[in-house]
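Enquirer: A single structure is presented below for examination.
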Amino acid sequence: MITLTKTSTSTPIKHQPPNVRLCALQQADFLQAVIEGLGDGILILTQAGELVYSNTSAHHMCCQLNQGDFNSNFVPPAIWHLCQTLLESRNFCSEQLMMLSDEIMLDKSTCFRVRVRLLNLDRFQLPCLLVTIENRYESLQNIAIAEIKKFALTPREAEIWCLYRSKYSYKEIAAQLFITLNTVKKHMKNIHAKRQDVLEINL
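The sequence shown begins at 10 in the working numbering and counts up one residue at a time.
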């Protein structure tokens, strides 16, 4: 399901004093390292669909979406369709920047959340398209790992919770871990009890 969000065109920027500013080259290297270190994929495209920039994560994710096609300049059709939708939607919301988002699912463990918004760059006459790609499976796994510690789950409960967080049904969890459905239900009951205890403490 595509979601549409209006965002403000102006963002206040705090200027750092000269003694903490990086020189232009250092700053560029620093930003490059930060972008490459992100878990999310970053793409910058022209309105004609030409690739201006992609980080390593975006390259790997696009290869998955392209079913293994390693052509670095080929934007997956599902992503480009979302970009075209954003460009077409400007006709009825031209006073503000907009962001569109959608989820692309390849299989149960491969789901990407894609967000597209316009980006003004000095070197281009027309705004470019900024595309961010989030691996939903990895994000859910990271959430589950944090919750395992937070709720003090046992190793078996942790296994079950990770699968549950990844949208597995009770039957699928039982099959994956070679345990009975009743065992899954028993552990899930304990997990929800621990979760409720933590929530009540934090109230």
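Quick reminder that beta carbons are idealized off the backbone N, C-alpha and C, glycines included. The structure displayed is predicted, hence computed values, not measured ones.
Got a sec: does the ligand NAD put a non-hydrogen atom nearer than 7 Å to the Cβ of Leu139?
Expert: As for the ligand NAD, it is missing from this structure, which has no ligand bound.
Enquirer: Just how far apart, CA to CA, sit His68 and Gly50?
Expert: If you number the sequence shown from 1, residue 68 lands on position 59. If you number the sequence shown from 1, residue 50 lands on position 41. Roughly 7 Å between the two C-alpha positions.
Enquirer: Report the three-state DSSP secondary structure of Ser110 (helix, strand or coil).
Expert: Here residue 110 corresponds to residue number 101 of the sequence shown, with the count starting at 1. Reduced to three states, the DSSP call for Ser110 is strand.
Enquirer: According to DSSP, is Ile182 part of a helix, a strand, or is it coil?
Expert: Reading the sequence shown from its first residue, position 173 is the one you call residue 182. Correct three-state label for Ile182: helix.
Enquirer: So, with DSSP's three-state summary, where would you put Arg122?
Expert: Position 113 of the sequence shown, counted from the first residue, corresponds to residue 122. Strand, per DSSP.
Enquirer: Just to check my reading of the structure: Ile169 and Met197 have Cβ atoms closer than 8 Å, yes? What is that Cβ distance to the nearest angstrom?
Expert: Here residue 169 refers to the residue found at position 160 of the sequence shown. Here residue 197 refers to the residue found at position 188 of the sequence shown. The pair is a contact, with the Cβ atoms about 7 Å apart (cut-off 8 Å).
Enquirer: For the beta strand (DSSP E) that contains Leu139, what are its first and last residues?
Expert: For the purposes of this step, residue 139 is taken as the residue at position 130 of the sequence shown. In this chain, the beta strand (DSSP E) harbouring Leu139 covers 137-144.
Enquirer: Just tell me which of Cys92, His201, Tyr146, Cys72 has its CA closest to the CA of Cys137.
Expert: Sequence index remark: in the sequence shown, residue 137 carries index 128 (1-based). The residue with the shortest Cα to Cα distance from Cys137 is Cys92.
Enquirer: What does the alpha-carbon distance come out to for the pair Asn75 and Met107?
Expert: In the sequence shown, the residue the question calls residue 75 occupies position 66. In the sequence shown, the residue the question calls residue 107 occupies position 98. A direct Cα-Cα distance of roughly 26 Å separates Asn75 from Met107.
Enquirer: Below 8 Å on the Cβ atoms is my guess for Val140 versus Leu54; work out the distance and round it to an integer in Å.
Expert: To locate residue 140, count along the sequence shown from 1; it is residue 131. To locate residue 54, count along the sequence shown from 1; it is residue 45. Val140 to Leu54, Cβ: 6 Å. Contact.
Enquirer: Buried or exposed: where does Val207 fall if 16 or more other Cβ atoms within 10 Å of its Cβ makes it buried?
Expert: Counting from 1 along the sequence shown, the entry for residue 207 is found at position 198. Its Cβ having fewer than 16 others within 10 Å, Val207 is exposed.
Enquirer: Assign Phe133 to one of two classes, buried (16 or more other C-beta atoms within 10 Å of its C-beta) or exposed (fewer than that).
Expert: Residue mapping note: residue 133 aligns to position 124 of the sequence shown, counting from 1. Classification for Phe133: exposed.
Enquirer: Could you check where the alpha helix (DSSP H) with Leu208 kicks off and where it finishes?
Expert: Taking the sequence shown and counting its residues from 1, one reaches residue 208 at position 199. Run containing Leu208: 190-210, per the alpha helix (DSSP H) assignment.
Enquirer: Over what stretch of residues does the beta strand (DSSP E) that includes Leu130 continue unbroken?
Expert: On the sequence shown, position 121 is the one that residue 130 refers to. Looking at the DSSP string, Leu130 is not in any beta strand (DSSP E), and its letter there is neither H nor E.
Enquirer: Helix, strand or coil: which one does DSSP assign to Ser66?
Expert: Taking the sequence shown and counting its residues from 1, one reaches residue 66 at position 57. Three-state DSSP puts Ser66 in a helix.
Enquirer: Going by C-alpha distance, which of His90, Cys71, Thr94 is nearest Phe83?
Expert: Position 74 of the sequence shown, counting from 1, holds the residue named residue 83. Of His90, Cys71, Thr94, the residue nearest in Cα terms is Cys71.
Enquirer: What is the residue span of the alpha helix (DSSP H) that Leu95 lies within?
Expert: For the purposes of this step, residue 95 is taken as residue 86 along the sequence shown, with counting starting at 1. Note, Leu95: alpha helix (DSSP H), 86-98.
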